[in-house]
Every structure is written in C-alpha cells, then in structure tokens.
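Below is one structure, written out as structure tokens; comments come after it.
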C-alpha cells in the first residue's frame, strides 16, 4: 500500500522541484547520471567476476587481515562497497568463505569506500572532470559494442567512470548556480540537534539512492559550494555510512542464514561506528583539524577535511570492532538461528548464490556433496553397514566380520525422504542459473548434474543389490557367504577411499588416483568369472546362485563406477581450468581395461 | 621486431581463443608436473618396499600415474600444435 503511493509522491515532489528551480533539476540530473554511472561500473566489474575476482577472494580469506585488505583494495578499485558486499554475501551463501572472513571483507569495504571521498574532494573538485568524461563515454560505448566479454566489461567500466564524472560535474554546477539564488546554510542547525537531524537526512538520502557514494559526492559538492555547513556535512556523512547497510540488508533477503548474518554484521558495524562518531563528534572534529594540519590541508579546505573525517571515523570503527570479530560471529549465530531443516532441504541453493556464475557453480557442487552425504548413508545401510564404520579407521575385514546382522534399511523410503526432492532442487537450480555463463561454466554445470545423476543411479543399483545381499551374506553355505561379504567389503573400500580423497583433495594426484578404483573393479570383474566357474565345477555353489552372484556383482560394479565418476567431479577443489586439465588425463573405459589386462601379466 | 610480428602478437593478445589455449597449456603442464612428482614418489616407495603385496600395489599405482601422465603429455602436444 505504502509503495503504491510512495513512487507517485516522489515523482510529484521532483517534478515540482524541477518546475520551480532549474538548478535543482541540474543537481538531480547530476545524481541520476552519477547513479547510472555506478550501475554501469558494477556491470563492468561483474564481467571480471567470472574468474579473477573469485580466485583472489578464495585465496585471500584464510586470515582476517587478508579479508580486511581484500575489502579495502577491491572497494578502492571498484568504488562500490555495495558490489563488494553483494559478492561477499554470494560467496558466503555458496559456502565458499566463512562468516568471519565475510565480516573482515565488509569492514575493509567500509575503509575502502573512504577513498571515494578523497578522490572527489581532492581531484573531482579541483580539475574540470567533465572534460575527461566525454572521451571516456565515447571509448566506453565503442567497447561495449565489442563481442569479447572482457572488452565489453572494460567498456562498461570506462562508460561508468565517464557518467560518474559527468554526474559530479552537474552536481557541482547545480550547487554553484543554486547559491546565487538560495542560501541553504540559512537552514543549518547547530549543536547535537543538528547532528541528529542531518544524520537522519544523510541516512534517508542514502536509503533512497541506495549508494553512500552518491550521498557523499552530493555532500562534498554542496559543501564546496558552501550550501551546507561543515558541521552539518559531517553529520550527513555519518548518516550516509549508516544508510548504506540497506543495500546489504536487501541483498541478504534472498541469501541463506550465513548471508543474513553477514548483513547483520554490516548493520552492527555501521550502527556502532555511527553511534561512536555522533557521541564524540566534537573530539573527532578536533582530531580532524590536527590530522589535516599534519597532512598540510588548509584550515578552510572543508571538503578535504570531510574526507579526513570520513576516513578517521571508519578507521576507528574497524579498530573498535576488529578485536571482537569472533564474539560478533557467536552473537550473530545466537541471534540469527538456523531454522531446523530436513535432510532433503538444500543448504547452499539460494538466489544470492545465483547472482554470480562461479558462486552458482560452487553452490551446486556443495549441494551435490550434501546429496552424496545423504546417499552414502543409504548405500551403507543397503550393505548392512554403518557409514561411521566405513569411514572410520578400523580395518574393513574387521568391520565386515563384526557386522553380521541385517540392518533394516528401506531404501525406497529413504530415497524419497532425503534424496529425490534434493536432487530435484539441484536440477531446478541448474536450469535457473542464468546470466553470462561461459561455455566452460556450462560444461561444468553439465558435469555436476551428471554427478547428481550418478549418485541417484548408485542408490538404485544398491536397492537391487540389497535384495540378495541381505539374504546371502549370512547364508549357511560358507562360499556364498564369503562371496557376498567380499562384495560388501569391495563397496565399503570404494566408499572409504572416496571419503579419504574427499578430505585430502587439495592435491591433483589424489583426485586422479580414483582411477585406480576403476582398474581394481575391472580386475575383480575379470577374476570373478573364473572363481565362479571353479565353484560351480566343484559343486560348491549352484549355477542359480552363481547367476545371482554375477548379477549382483554387476550391480556392485555399477555402484562403484557411479560413485567414482561422482568423486572425480565433486572432489576436485581447483578452478575450472584446473578441473578441465585433470579430467583430460583421466583414463577412458578402454584405457582402464588395457591397464587391467596388463596387470594380468607377471610383473 | 617487425610490424607483422607485432600485429600477430596483438591479435593473439586480443583473441580469446588463443588466451584460452594458453590457459589450458598452463594448467595441463601443472597437472603433468604433479603427476611426474607423484610417479617419482611411488617409484621410490616401490623400491624401498619389502612386502611383496605392497610392492605389487605400488607398482600398479605407479603404472596408473604413468598412463595418466602419458595421456597428459600427448594432449599437451596436440594443444601446442594448434598454435
């Protein structure tokens, strides 16, 4: 209801403003052009998020200082803390980085955003930047029409910067002309009342424009035209800082609980920083004067002093909050609790993870691993074994010997409850992944979907296998018993190896060693025929049982094959190029057979 | 450096296909290097292993790694030929 009237009301106010004041029109157009520039800039940087940014983000988040540095540097380069926050939320939602690392990035982004004020106050107002804007726009637009993704991205960045400069120019011109007609400083409010009022105005302006950067530029240009007092400008800057969290909060609405916790951390940080800045505003003003004097900034250069103030109060915020990151994580985990979820509920699939191709890929990978966790329990139950025993340290001979009891496992029911809908969600998510996806990323999604199908197939084969296995592994005939227990041991061994590889998959050679399981399976398949013939010849088992054994061996072979294929896709941790390189050296079915045959010859 | 060579280099730089090929070569080289190291480790372990069954297992692993590396080297050659 509110929204229905808000937009027409805003339009009416703006239209009235444009009618009575051409200067107000120019300032507003400046803000609009500036915001459009921000959008173009974000679009441009998104073109580069298909690899480089993610690589850096993944490598630089293992330590808090690295996360903070990443936040500072990336925001300084991209001039958008919102984009950095959205990327962090996507990464955290896809399970690629921890909450603490995300908090570090957000703190850093707050520091990085202060460089914007320096650029505008130090450069934007001194130089006629509109002169630079025109060629930037022309070159940018020409580049946007290029086919190459990178050139297109560079074009958006260049055009974005051009629009930013043009926007600043119009805001500056507008305020300059404005001061000839109206003196806004007449509305200045002094004392704490002024601080609170202008903090609120800064906050509302940022919430409306969804960009603290735009608010800050507006403040700086107004300050340079002496349309607001220095004290009120400081309060506006505090308000802009608090208001910027709205972008992160909106971004987190589509994220999972981790993403929401990060937005919570952002909100807490900016509220605490804003509160401290308001509380000690007069002491901070003195500190700004001292620092400005040390930096050689003139006493009447209020725009640069505003940049100093912005940097100081954000630095104080980071210094205050950084030692309490772990406590903040605990608090957020307590306040924002994860709703109890069923085994079949997706953990990583959400709209926030979908916003970048690489986070979408990571989310699908993580969720398919979750699918495997559910499936592994079913497969273990189908073998009448406990998953903990299979993945534990006890020798498998001992595990099999001690598990001489049928574990009642309703595979159909478990499949329906824990696998089917989750697999459906993964397939649905894959089909919804849109945007600029490269052919390599599409291929990876294809592999991931195939890995999910392998898991489902493995469960289905286990179901067929379970029928005879649960009957014969305790058979009176010791030969039948031994053959079926050998089959259980073989599958348990495959699952144990997969578990080990999954948790030591940093090394390429470890993932590639899964090919050894394929060779072993082939060798066993070849041996079994001879063994069974011998047992039938000696009348130790009936021909009927041997047929069952051969069929069940085929099921076991398929289970193992599907699981190994799944492991080769899911357990590799590297980037897409690395995964492709690894897959290109995996042995084909024929090569596996050739290697298995070569092992038959005496060594 | 003559102009033709300079233009070719500029074309290569701007061509995304060429960049992708170079990336593929780079990562394949890394994988081959790791496999080579793994192969050497397995060979050394095989020579030191006294247990017959263990030796047999290590030899199988070593042969597998060798086959993968050989496949990688062939792939690398064909990628380099595409230049």
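Residue numbers (my numbering), protein chains in the order written: chain F, 1 to 603; chain D, 1001 to 1083. Note that beta-carbon positions come from the ideal geometry of N, C-alpha and C, so glycine has one too.
For residue 1023 of chain D, the chain F residues whose Cβ falls inside 7 Å of its Cβ are 577, in order along the chain. The alpha-carbon separation between residue 463 of chain F and residue 403 of chain F amounts to approximately 19 Å.
Annotated three-state conformation of residue 57 of chain F is helix, per DSSP. Sequence-ordered contacts of the region 1048–1069 of chain D with chain F read 1056, 1059, 1060, 1061, 1063, 1064, 1065, 1067, 1068, 1069 [C-beta pairs closer than 8 Å]. Taking C-alpha positions only, residue 219 of chain F is separated from residue 35 of chain F by approximately 15 Å. With at least 16 other beta carbons inside 10 angstroms of its own, residue 288 of chain F counts as buried. Spanning the alpha carbons of residue 472 of chain F and residue 569 of chain F requires a straight line of approximately 34 Å. Residue 1075 of chain D reaches chain F at 581, 584, 585, counting residues in chain order whose Cβ is nearer than 9 Å. Annotation: the region 252–283 of chain F contains the following complete segments of the alpha helix (DSSP H) (minimum length 4 residues), in chain order: 257–279. Under a criterion of Cβ atoms nearer than 8 Å, the residues of chain D adjacent to residue 516 of chain F are, in order, 1060, 1061, 1064. Chain order gives the chain D residues near residue 599 of chain F as 1060, where near means a beta carbon separation below 7 Å. At least one CB atom of chain D sits nearer than 8 Å to the CB of residue 519 of chain F. Residue 406 of chain F carries a coil assignment under DSSP once its states are collapsed to helix, strand and coil. Among the residues facing chain D, residue 591 of chain F is included, as its CB has a counterpart in that chain under 8 Å away. Listed in chain order, the non-local C-beta contacts of residue 143 of chain F below 6 Å within the same chain comprise 151, 154, 155, local neighbours out to five positions each way being set aside.
When secondary structure is reduced to three states using DSSP, residue 25 of chain F falls in the helix class. By alpha-carbon distance to residue 458 of chain F, the top candidate from F/146, F/366, F/552, F/475 is F/552. Taking 4 residues as the shortest admissible run, the region 515–563 of chain F contains the following complete alpha helix (DSSP H) segments, listed from N- to C-terminal end: 515–537.
Within the region 113–166 of chain F, the runs of alpha helix (DSSP H) at least 4 residues long that lie entirely inside it are, in chain order, 114–119, 130–144. The beta-carbon separation of residue 469 of chain F and residue 488 of chain F, rounded to 7 Å, stays under the 8 Å limit for a contact. Listed in chain order, the non-local C-beta contacts of residue 353 of chain F below 7 Å within the same chain comprise 90, 93, 94, 359, 360, 363, local neighbours out to five positions each way being set aside. Rounded to whole angstroms, residue 70 of chain F and residue 237 of chain F show a C-alpha spacing of 24 Å. Annotation: residue 1068 of chain D to residue 497 of chain F spans about 19 Å, alpha carbon to alpha carbon. At a C-beta separation below 9 Å, residue 535 of chain F has no neighbours in chain D, since its nearest C-beta there lies roughly 24 Å away.
Residue 72 of chain F sits away from residue 30 of chain F, with the two beta carbons spaced by 8 Å or more. Residues of chain F with a Cβ closer than 9 Å to the Cβ of residue 1081 of chain D do not exist, since the nearest Cβ in that chain sits about 15 Å away. Comparing C-alpha distances from residue 1032 of chain D to each of D/1066, D/1043, D/1003 shows the shortest one belongs to D/1066.
Residue 248 of chain F places its beta carbon less than 8 Å from that of residue 263 of chain F. Using a Cβ-Cβ cut-off of 8 Å, residue 595 of chain F counts as an interface residue toward chain D, since at least one Cβ of chain D sits closer than that to its own. Non-local C-beta neighbours of residue 432 of chain F in its own chain, meaning closer than 8 Å and more than five positions away in sequence, comprise 354, ordered along the chain. Close CB contacts of residue 102 of chain F within its chain, under the 6 Å cut and outside five residues either way in sequence, are with 88, 92, 262 (chain order). For residue 85 of chain F, the closest C-alpha among the options F/145, F/356, F/527, F/425 is that of F/356.
Remark: C-beta atoms of residue 47 of chain F and residue 149 of chain F approach each other more closely than 8 Å. Here residue 343 of chain F carries a coil assignment [DSSP, helix/strand/coil].
Separation of residue 500 of chain F and residue 492 of chain F (C-alpha to C-alpha, rounded to the nearest whole angstrom) is 12 Å.
Remark: C-beta atoms of residue 502 of chain F and residue 524 of chain F do not approach each other more closely than 8 Å.
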